[in-house]
Amino acid sequence: MNSWVTQLPERVTVRQESIDLPEPFEQFAARFSHRPGTVVLLSGTDLDCSRYHFLGIDPWLQIKMIHGHLEIDCGDICRVIEDDPFVCLKLLLERYHFTRSALDALPFSAGLMGYLAYDLKDVIEDLPRTCVDTGLPDMYLVAPSIILVQDRKTGKTTLSVCVPGQKDAQDSAVSRMSIQKVKQYLLAQPRPETHASPFNMDAGGWVSGIEKKQYLKAVAQIIQYLQAGDIYQANLAQRFETKFSGDPYALFLSLFQRNPAPFFSFVQAGDHQIVSTSPERFLLQQENRVETRPIKGTIARGTTPGQDKENSRILSASIKDDAELTMIVDLMRNDLSRVTVPDSVKVKEHKRLEPYDNVFHLVSVVQGELAPGHTGVDLLKAAFPGGSITGCPKIRAMEIIDELEPVKRHVYTGSIGYISFHDTMDLSIAIRTATIHEHRLFFSVGGGIVYDSDPEKEFQETLDKGKTIMNTLTRKDHPRQSSGLKAWVTGKLVDQDQVMVPASIPGFQYGAGVFETIRVTHGRPVRLAAHILRMNHSWETLFKTPPPDITWEKVAAYLIRENHLEVRDAALKIILAFPGFSAAFVRPYRHRLAVLGKTGLDLVTYPCPRHTFLAGHKTLNYLFYDQARQYAGENGGDEALILNSDQTVSETNTCNIMILQGRRILVPASDHVLPGITSGAAIRALEQQGYVVEHKPFFVRDLASCANVVLTNALMGAVPVNHINGVPVVQDPGVCEKINHALAQAV
């Protein structure tokens with residue numbers, strides 16, 4: 005089962021030298037922030053847990069857990085493992101373990117950096133899964149080949165070069181020469197360009213995953229659980245989301261400059277980025293010494309010195325926050341006691357008041373001694389996730405969190421930091437943490453609910469905690485971005501980004517609806533009447549009721565005018581969803597061939613034949629065609645060739661097909677195919693010029709042997725096919741130009 009670890013390099017050699025950086029550490033790290041696998045850990049404030057900055061780049065090993073599968077990527081070695089990730093971590097750390105006596109006594113010289121998502125809890129405990137999955141990894145850890153550590157106390161920066169698979173050559177001339185090359189490589193990396201507006205958000209602002217009244221109701225539900233004796237405390241969070249564009253690291257730097265905290269973290273995971281501004285330490289390991297610093301109790305900073313002092317006094321004197329922190333300290337003591345020397349766990353400090361830019365926190369410091377035979381991974385598994393962000397008792401609290409929060413937390417309230425190969429570890433609790441994925445940014449904020457919690461105050465506390473991220477993104481020097489487009493929805497003009505569809509209607513649940521996509525030229529929808537006729541016919545056929553009585557010509561003209569698209573090419577989409585949802589959207593359009601930079605399209609046969617009467621209608625049940633599109637793209641094509649059940653050709657995922665042979669127009673015969681508006685108009689126009697239409701079955705091999713294979717749809721008009729399954733298609737000069745000219749004349 006564990007043979008995978010023996011396939012990895014046998015050892016890691018670490019070489020170290022001091023290095024002088026030409027700019028502040030956080031600015032130097034920006035040179036590498038775009039590279040997948042880069043991890044930056046910054047320490048802000050002058051607190052006693054804020055001494056070092058860390059930068060890890062160019063990983064030689066990556067560990068990612070997604071959908072229960074652990075993916076190990078190490079050079080040419082790629083393995084997918086179905087095993088306990090904590091067992092795998094332990095094996096990995098044992099394989100590369102060394103003592104740091106020969107190295108500079110740094111907290112981190114070699115090892116793993118990255119994050120453990122909160123949802124990794126499901127590996128430790130068997131909990132019901134009732135939240136929507138984000139689709140992001142539950143674990144993302146990398147082993148950097150280059151590590152920079154800056155001691156903020158002394159100002160010294162140390163470079164560690166980690167070379168897998170080599171014997172130790174720390175003092176050799178070759179080693180010194182190699183590390184000099186690494187220095188040259190680092191200093192030669194270009195500084196990123198500075199931008200006046202390096203990042204921005206959607207003009208629509210923040211959208212919460214839970215409305216205020218639902219949040220208040222959830223708090224009330226937790227209080228009922230408390231009254232019933234189910235729990236003593238539970239942490240409840242709400243998630244905020246917005247569109248995001250620009251540089252995630254620029255956001256990270258802006259937050260660090262505005263409100264430095266002890267555990268700032270940036271993780272560049274390739275398809276997503278993590279920006280964390282956490283003030284809370286989860287676990288510290290220094291060989292056998294271990295520590296946790298739970299935070300409970302928050303109050304906003306005052307707007308005047310007097311109010312600030314009063315707020316700090318109120319928090320320090322709060323009976324509720326004292327009880328809450330004491331409860332979590334006991335929970336964390338119990339977690340640590342599972343792997344520590346008996347009676348070694350002590351509360352070093354309790355209720356320490358720590359000031360930050362927006363809030364005050366109450367913090368406790370709990371320390372212990374790791375028991376012989378136990379490792380940092382044992383400590384991590386015993387305590388994960390941190391009790392300060394779950395509740396007490398932990399398992400029941402986590403069940404309630406999953407019940408009341410609609411979306412999985414992902415990295416929020418998980419952990420970020422490093423786990424070394426030399427018995428050190430420092431992980432934060434990932435609060436005040438944003439994830440950027442697919443041009444969207446989301447982050448969660450929450451608080452602990454106890455018996456006497458005030459729901460309104462708990463809601464306000466979440467806003468106070470999220471203020472730094474929200475204010476940074478909404479600053480005037482970082483303007484919000486919006487598509488600016490308007491949509492027409494059931495009689496109202498609204499922002500396109502704010503359109504909502506009732507989730508209970510058949511149109512949403514089953515794709516029970518129809519739509520049309522129409523080219524707009526010089527402010528006029530092309531062949532709009534024919535599209536509306538087809539849409540209404542489909543509606544009457546499928547739903548046995550009259551279609552909504554809407555003058556779509558007026559709606560289209562209004563929408564085009566309001567979006568200032570009168571003189572630009574545009575694409576108009578009209579949607580009818582059963583039983584009564586109607587909408588129209590419009591957007592600027594650029595011809596697909598121009599976007600692709602090609603003269604024609606390449607077809608790839610989709611291996612799943614189709615036989616359904618629905619193919620004759622343009623329905624919202626569109627998943628088959630979208631899957632076909634994805635298949636074509638993954639196999640080097642632009643369009644998927646859709647087959648009938650007898651393996652003959654029907655159409656593509658967005659186009660009708662015709663073949664011009666002399667004065668004949670050949671159309672693939674198909675029992676069920678969309679009656680194309682553009683295809684029909686082209687055929688009628690060519691018939692007037694003396695062409696004869698013939699419908700006949702084509703197998704793929706027959707089609708691939710034909711010349712002048714043409715695709716048509718409303719947006720593109722007629723375009724040539726360049727290849728079918730990689731086979732070139734001959735195109736006579738001017739064929740598509742002739743068809744498009746005929747279409748233009750027929751309008």
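Numbering (the numbering used here), first residue to last: 5 to 751.
Backbone N, C-alpha and C define an ideal beta-carbon position, used for all residues, glycine too.
Taking just the CA atoms, how far does residue j sit from residue i?
i	j	result
valine 3	tyrosine 56	With the chain covering 5 to 751 only, the question about residue 3 has no answer from this structure.
isoleucine 743	methionine 662	11 Å
leucine 59	valine 153	7 Å
alanine 598	serine 448	41 Å
lysine 216	phenylalanine 463	8 Å
isoleucine 299	serine 282	11 Å
histidine 621	methionine 539	8 Å
glycine 274	leucine 145	12 Å
alanine 750	leucine 670	20 Å
isoleucine 151	valine 498	50 Å
serine 176	threonine 162	Since pLDDT at serine 176 reaches only 48, below the 50 mark, its modelled position is unreliable, and the value read off the structure follows with that caveat. Their backbone Cα atoms lie some 18 Å apart in a straight line.
valine 411	arginine 195	38 Å
glycine 738	isoleucine 85	56 Å
methionine 402	isoleucine 728	53 Å
serine 249	leucine 445	9 Å
histidine 443	lysine 247	6 Å
glutamine 231	tyrosine 455	7 Å
cysteine 612	serine 649	9 Å
threonine 103	histidine 426	5 Å
leucine 645	serine 54	59 Å
Should residue i and residue j be called a contact, given that it needs their Cβ atoms to be closer than 8 Å?
i	j	result
isoleucine 578	tryptophan 556	yes
proline 111	threonine 428	yes
methionine 117	glutamine 237	no
glutamine 225	leucine 408	yes
proline 550	glycine 584	no
serine 113	valine 18	yes
histidine 38	glutamine 272	yes
glycine 169	alanine 147	no
glutamate 655	leucine 618	no
alanine 588	valine 608	no
leucine 191	proline 26	yes
lysine 355	leucine 366	yes
arginine 297	glutamate 373	no
phenylalanine 90	lysine 350	no
Could you check what DSSP says for residue i in three-state terms: helix, strand or coil?
i	result
threonine 3	It is not possible to answer for residue 3, since the shown part of the chain is limited to 5 through 751.
alanine 534	helix
serine 654	strand
leucine 569	coil
histidine 354	strand
leucine 747	helix
asparagine 717	strand
tyrosine 189	helix
methionine 504	coil
arginine 705	helix
lysine 412	coil
tyrosine 144	strand
alanine 438	strand
glycine 250	strand
tryptophan 210	coil
threonine 555	coil
leucine 51	coil
valine 498	strand
isoleucine 564	helix
Who are residue i's beta bridge partners in DSSP?
i	result
threonine 549	Looking at the DSSP assignment, threonine 549 forms no beta bridge with any residue, so it has no partner.
isoleucine 453	Ala238
serine 432	Arg285 and Ile420
tyrosine 514	The partner list for tyrosine 514 (beta bridge, DSSP) is empty, contrary to what the question assumes.
threonine 17	Val167
glutamate 460	For glutamate 460, which the question treats as bridged, DSSP gives no partner whatsoever.
glycine 60	Val43 and Ile151
tryptophan 492	Leu497 and Ala588
histidine 276	His441
Comparing the C-beta of residue i with each C-beta of chain D, is any distance below 8 Å?
i	result
serine 392	Annotation note: the requested chain D is absent from the structure, which comprises a single protein chain.
At 4 residues or longer, what runs of the alpha helix (DSSP H) sit wholly inside the stretch 292–329?
309–321
- request: Note down, one range per segment and in chain order, each beta strand (DSSP E) of at least 3 residues found wholly within the stretch 90–134.
  value: 115–120
What are the complete alpha helix (DSSP H) segments, minimum 4 residues, inside the stretch 588–671? 596–600 and 627–638
Report the residue ranges of all alpha helix (DSSP H) runs contained in full by the stretch 364–407; include only those spanning at least 4 residues, in chain order. 380–387
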